[in-house]
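First residue of the sequence shown? That's 1 in our numbering, and the numbers climb one at a time after it.
All C-beta atoms, glycine included, are put in the ideal place defined by N, C-alpha and C.
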Amino acid sequence: MKTNLAVLLSAPFLLAATGAAQAQDYPTKTIQIVVPYSAGGGGDTVARIVADRLSEELDQTINVVNREGAGGEIGIDEIARSDADGYTLGVFGYPDNFVLEHTRDTNFTFDDLDYLAAFDEMPMGVFASPNSSHSTLEEVVNYGQENPGEMIIGESGALGLLHALAFAERSEMQVTPVRYSGGGELMNALLGDHIDLASTSSMSHDPIVDSDGKPIGFAAEERMDMFPSVPTFKEQGLDLVMGVSRVLVAPAGLPDDIRETIVVALDEISTDEKMIANFKNAAIPYRYLDDSAVDEMLEASNSVLMPVIEKNLDQIKGN
Numbered sequence: 001m002k003t004n005l006a007v008l009l010s011a012p013f014l015l016a017a018t019g020a021a022q023a024q025d026y027p028t029k030t031i032q033i034v035v036p037y038s039a040g041g042g043g044d045t046v047a048r049i050v051a052d053r054l055s056e057e058l059d060q061t062i063n064v065v066n067r068e069g070a071g072g073e074i075g076i077d078e079i080a081r082s083d084a085d086g087y088t089l090g091v092f093g094y095p096d097n098f099v100l101e102h103t104r105d106t107n108f109t110f111d112d113l114d115y116l117a118a119f120d121e122m123p124m125g126v127f128a129s130p131n132s133s134h135s136t137l138e139e140v141v142n143y144g145q146e147n148p149g150e151m152i153i154g155e156s157g158a159l160g161l162l163h164a165l166a167f168a169e170r171s172e173m174q175v176t177p178v179r180y181s182g183g184g185e186l187m188n189a190l191l192g193d194h195i196d197l198a199s200t201s202s203m204s205h206d207p208i209v210d211s212d213g214k215p216i217g218f219a220a221e222e223r224m225d226m227f228p229s230v231p232t233f234k235e236q237g238l239d240l241v242m243g244v245s246r247v248l249v250a251p252a253g254l255p256d257d258i259r260e261t262i263v264v265a266l267d268e269i270s271t272d273e274k275m276i277a278n279f280k281n282a283a284i285p286y287r288y289l290d291d292s293a294v295d296e297m298l299e300a301s302n303s304v305l306m307p308v309i310e311k312n313l314d315q316i317k318g319n
C-alpha cells in the first residue's frame, strides 16, 4: 500500500514534470505558417524568407501554407482559431485583420492574435498620372481645395481606400475615390490618365515612375532608403503615416515558455545578413520590430485608422 500511495502521490508531479519537459523541448514537430493570400505576393514572400531562417534557428521544419480568400479573412480566421501551442503561426500584412474586423462581421478580433514581430515597412503613397499638371503635394492640395470633388483618386483594397480618405480629410479637400479590383488595374488606370491620382503602396514606385508617373509623397515617418528622392507627407506639412507591415503572429494564449522560445529565435535571426539580403533582392524594405516594438507600431496604426473607419464606414462597406 505504501508503494501504491507513493506512486499515486507522485503522479501529479510526474505529469507536471512531463509537461514542463515538453514545453522546454519545443518545437518537437513541424510548424506551419499560414499566409492568408495566394503564393507569390509580398506577404507570401516575407513568410517564406522568414520561415527558411527561423527553421534553421529552431532546428525544425516550417511549412508555409496559403489560405487565400475573402481579402485575407479566411486565413486570418484559421490562424486565430488554431491551438495556441506554437505549431500554427501566421504572416500577413497589418492592418488587414484590423480593417476586416471593423468593416465586416468577422469571427476574430484584434485580441485573438499575439503579435510577435514585424519584418518590413511599406508606406502608402500618392502618385499623379503622367500627364498631370501636379507634381507636388502643394499643387495637388491647392487644386483639390479649389475644385471640390473634381480630383479623382483611384484605390484598391481596404487600406487603399482608407488611405485615400485620410489623405483627403487631412488635406481638407474633397476627392472622388474610384475602386479598382487590384493593383495592376489601378496602375493601368493611372498610367492611362483615366484618374488623377492613385493611392497605393510604395512598392508601386518603380513601375509608375518608369512610365512617367509622379510620386507626390509617402505616408511614412522618414524617407525610404529605397526611394530617397520622394518626400514624406510630414516633410510637406501633412501629418499622415499609414502603411503595410508584415507581422508574424500566433493565436492568443501561447504558453510563456513557448512564446519566449519563438521571440528569442526571431530576435536572433533579425540581424542575419543573408535573410536581410533576401528581403532586398525581393524589393521589400526590411524593418524588424520585436514583440514590444510591434505593439507600439500597432497601437499607433490603429489610432490613425479607427477614426477614418468610423467616419467613412458606410462608404467603405459600399466599396
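For the alpha helix (DSSP H) that contains residue i, what are its first and last residues?
i: glutamate 310; result: 291-311
i: arginine 170; result: 157-171
i: valine 140; result: 137-146
Would you mind sorting residue i into buried or exposed? The rule is 16 or more other CB atoms within 10 Å of its CB.
i: alanine 20; result: Only weak support is given to the placement of alanine 20: the predicted model assigns it a pLDDT of 45, under 50, and the value that follows is read from those uncertain coordinates. Counting Cβ neighbours within 10 Å, alanine 20 comes out exposed, since fewer than 16 surround it.
i: leucine 58; result: buried
i: lysine 311; result: exposed
i: arginine 53; result: buried
i: leucine 14; result: At leucine 14, the pLDDT of 49 sits below 50, so the modelled position is not reliable; the number obtained from the coordinates is stated separately. Burial call: exposed.
i: glutamine 22; result: Interpretation of glutamine 22 is limited by its pLDDT of 46, a score under 50 that renders its predicted location unreliable; the figure taken from the coordinates is listed afterwards. So glutamine 22 ends up on the exposed side.
i: leucine 190; result: buried
i: glutamate 299; result: exposed
i: methionine 239; result: It should be noted that the sequence gives aspartate, not methionine, for residue 239. Classification for aspartate 239: exposed.
i: leucine 116; result: buried
i: valine 264; result: exposed
Residue range of the beta strand (DSSP E) that residue i falls in?
i: glycine 217; result: 214-218
i: aspartate 120; result: 113-120
i: glutamine 32; result: 31-35
i: leucine 197; result: 197-201
i: proline 228; result: Per DSSP, proline 228 belongs to no beta strand (DSSP E) and is neither H nor E.
i: proline 207; result: Per DSSP, proline 207 belongs to no beta strand (DSSP E); it is in the alpha helix (DSSP H), 205-210.
Thinking C-beta only, is residue j closer than 8 Å to residue i?
i: valine 91; j: glycine 125; result: no
i: glycine 243; j: glutamate 121; result: yes
i: leucine 254; j: glycine 86; result: yes
i: glutamine 145; j: glutamate 172; result: yes
i: valine 294; j: alanine 84; result: no
i: asparagine 278; j: isoleucine 62; result: no
i: proline 27; j: aspartate 114; result: no
Report yes or no: do the stretch 92-103 and the stretch 154-164 share at least 3 C-beta pairs separated by less than 8 Å? These segments touch.
Could you pull out every unbroken beta strand (DSSP E) segment of at least 3 residues lying fully inside the stretch 246-296, listed in chain order? DSSP runs (the beta strand (DSSP E)) wholly in the stretch 246-296: 286-289.
Alpha helix (DSSP H) runs wholly inside the stretch 39-95, at least 4 long, in chain order: List check, alpha helix (DSSP H) in window: 42-58, 73-81.
Can you confirm whether the stretch 132-140 touches the stretch 106-117 when touching is taken to mean that 3 or more C-beta pairs between the two stretches lie within less than 8 Å? Judged by Cβ distances under 8 Å, the stretch 106-117 makes no contact with the stretch 132-140, as fewer than three pairs qualify.
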